[in-house]
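So in this note's numbering the end of the sequence shown lands on 1379, straight run, no missing numbers. Note that CB positions come from ideal geometry on N, CA and C, so glycine has one too. Accompanying notes for the structure given below.
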Amino acid sequence: MEPYWELIERIIKESDIVLEILDARLIDLSRNEKVEELVKESGRPLIFVINKSDLISKEFLKSQIQKLEESGEVIYVSAKKAKSMRILFTAIKKIFKKHGKREVIERKIGDPKLKYREAKGEIVVGVLGYPNVGKSSLINALAHKKKVKVSKKAGTTHGIHWVKATDDIKLIDSPGVIPLTKDDETRYGLIGARDSERLKNPEVVAIALIKLFQKNNIKAFEDLYKIETKDKNTEEIIEEIAKKKNYMLKGERFDEHKTCSLIIRDWQHGKLKI
Ligand SMILES: Nc1nc2c(ncn2[C@@H]2O[C@H](COP(=O)(O)OP(=O)(O)OP(=O)(O)O)[C@@H](O)[C@H]2O)c(=O)[nH]1
Ligand SMILES: [Mg+2]
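Pasting the structure below:
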């Protein structure tokens, strides 16, 4: 196993509960199959924490969550809202009561009939998820203090960080998980796991984003760029934005690369809300 996954396994092993942080704007794309598989093998309970829910409408959320709710415990939060922290604490305590400490979970794996459950003492919560989904932001919000580094750039956290949130809850921050499947740049760009300027093909990601807005909320897109998109294809929409921003090259040509990078940056930084 690669060293990276060994680190993730270590975090899971040390945790009583694991949180998988997802991006509310692209729930399915921000799930990591490998992480979920490792958590399942460990027997630890998993809570899906849908973060950045301040960036989406209720309608959009409803269209996305059904499948996830069938897979386990789901909560919706925003690292920017105090109310979300109460929701998160309540969910952690409820799940802890139900499953108990990690030692008990491991004993249970060896003996599935074991009824004994010890849910006392400190709760250790492992926080996993792709780069930039807001793991460190949530940890700081839970601890009511800036204890770990947060930034707009993907790949901010390195190594493992232990953070005491309350007298009885300890959190483990981790670097964003990297998928084992082949390097899918569109997925990385869409979920913000790779910054716009590091993408080789921002055009492909920007087109995927425009299509996402065309399907769900084109008005939000039009309002941000102050353009009309009716009867226009993605290429024409990009050109329209380039003209508005005056991103032009020599001889009537527009700067497609720069315009696409702008769209992706606005999405990744939460200026484009769906
Ligand atoms: N609008 C909004 N932005 C958020 C939320 N949570 C985090 N962010 C922003 O998302 C960016 C990434 O946040 P981090 O907490 O550094 O993300 P991370 O998952 O720890 O990222 P890595 O350490 O790179 O894996 C920052 O610009 C945060 O301000 C949220 O709930 N809503
Ligand atoms: Mg981080």
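Q) Under the three-state reduction of DSSP, which class applies to Tyr1352: helix, strand or coil? A) Working through the sequence shown from its first residue, we reach residue 1352 at position 247. Note: Tyr1352 maps to coil in three-state DSSP.
Q: Run the CB neighbour count on Lys1240, radius 10 Å, all protein chains shown included, and call it buried at 16 or more, exposed below.
A: The sequence position of residue 1240 within the sequence shown is 135, counting from 1. When all chains shown are included, Lys1240 counts as buried.
Q. Which of the three DSSP states, helix, strand or coil, is assigned to Tyr1235?
A. If you number the sequence shown from 1, residue 1235 lands on position 130. Annotated three-state conformation of Tyr1235 is coil, per DSSP.
Q) If you count every other CB in all the chains shown that lies within 10 Å of the CB of Lys1157, and 16 or more means buried, which is it? A) Taking the sequence shown and counting its residues from 1, the one referred to as residue 1157 is at position 52. It is buried - the Cβ of Lys1157 has at least 16 other Cβ atoms within 10 Å.
Q.
With the cut-off set at 8 Å, would you say Ala1129 and Leu1166 are in Cβ contact?
A. Residue mapping note: residue 1129 aligns to position 24 of the sequence shown, counting from 1. Residue mapping note: residue 1166 aligns to position 61 of the sequence shown, counting from 1. Result yes, Cβ atoms of Ala1129 and Leu1166 sit closer than 8 Å.
Q) Using 8 Å as the Cβ pair cut-off and three pairs as the minimum, do the segment 1287-1300 and the segment 1322-1334 touch? A) With a cut-off of 8 Å, the segment 1322-1334 and the segment 1287-1300 do not count as touching, because too few Cβ pairs lie within range.
Q: Quick one: measure Cβ to Cβ for Thr1262 and Lys1252, integer angstroms, because I've assumed they're closer than 8 Å.
A: As a first step, residue 1262 is located in the sequence shown; it is residue number 157 there, counting from the start. As a first step, residue 1252 is located in the sequence shown; it is residue number 147 there, counting from the start. Not confirmed; about 12 Å, so no contact.
Q | Where the alpha helix (DSSP H) containing Ala1311 begins and where it ends | A | Along the sequence shown, read from residue 1 onward, the residue named residue 1311 stands at position 206. Here the alpha helix (DSSP H) through Ala1311 covers 1307-1321.
Q. Going by the beta-carbon positions, is the gap between Leu1127 and Ile1155 smaller than 8 Å?
A. Here residue 1127 refers to the residue found at position 22 of the sequence shown. Here residue 1155 refers to the residue found at position 50 of the sequence shown. Taking 8 Å as the cut-off, the Cβ atoms of Leu1127 and Ile1155 count as close.
Q. When you compare only the Cα positions, how much space is there between Glu1341 and Ile1369?
A. Numbered from its first residue, the sequence shown carries residue 1341 at position 236. Numbered from its first residue, the sequence shown carries residue 1369 at position 264. Their backbone Cα atoms lie some 17 Å apart in a straight line.
Q. What's the gap between the Cα of Arg1334 and the Cα of Glu1327?
A. Counting from one through the sequence shown, the residue named residue 1334 turns up at place 229. Counting from one through the sequence shown, the residue named residue 1327 turns up at place 222. Sequence inspection shows Thr at residue 1334; the Arg mentioned does not correspond to that position. Rounded to whole angstroms, Thr1334 to Glu1327 spans 7 Å at the Cα level.
Q.
From the DSSP secondary-structure annotation, give me the bridge partner or partners of Ile1369.
A. Translated into positions along the sequence shown, residue 1369 becomes position 264. Looking at the DSSP assignment, Ile1369 forms no beta bridge with any residue, so it has no partner.
Q) What is the DSSP secondary structure of His1266, counted as helix, strand or coil? A) Residue 1266 sits at position 161 when you count from the first residue of the sequence shown. Of the three classes helix, strand and coil, the one that applies to His1266 here is strand, per DSSP.
Q. Buried or exposed: which applies to Gly1356, given that a residue is buried once 16 or more other Cβ atoms fall within 10 Å of its Cβ?
A. For this step, residue 1356 is matched to residue 251 along the sequence shown. Around the beta carbon of Gly1356, a 10 Å sphere encloses fewer than 16 other beta carbons of the protein chains shown; the residue is thus reported as exposed.
Q. Got a sec: does ligand 2 put a non-hydrogen atom nearer than 7 Å to the Cβ of Lys1157?
A. For the purposes of this step, residue 1157 is taken as the residue at position 52 of the sequence shown. Not one heavy atom of ligand 2 is found less than 7 Å from the C-beta of Lys1157.
**Q.** Environment of Gly1226 [buried if 16+ CB atoms lie within 10 Å]
**A.** Translated into the one-based positions of the sequence shown, residue 1226 becomes position 121. Around the beta carbon of Gly1226, fewer than 16 other beta carbons sit within 10 angstroms, so the residue counts as exposed.
**Q.** Cut-off 6 Å between Cβ atoms - residues of its own chain near Val1309, not counting five sequence neighbours on either side
**A.** As a first step, residue 1309 is located in the sequence shown; it is residue number 204 there, counting from the start. The answer, listed in chain order, is Thr1291.
(Q) I'd like to confirm something about Gly1264: is its beta-carbon nearer than 7 Å to some heavy atom of ligand 3, or not? (A) Among the ligands present in this structure, namely ligand 1 and ligand 2, ligand 3 is not found.
**Q.** Separation of Leu1354 from Tyr1330, as counted between CA atoms
**A.** Here the question's residue 1330 lines up with position 225 in the sequence shown. Here the question's residue 1354 lines up with position 249 in the sequence shown. Rounded to the nearest angstrom, the two C-alpha atoms are 20 Å apart.
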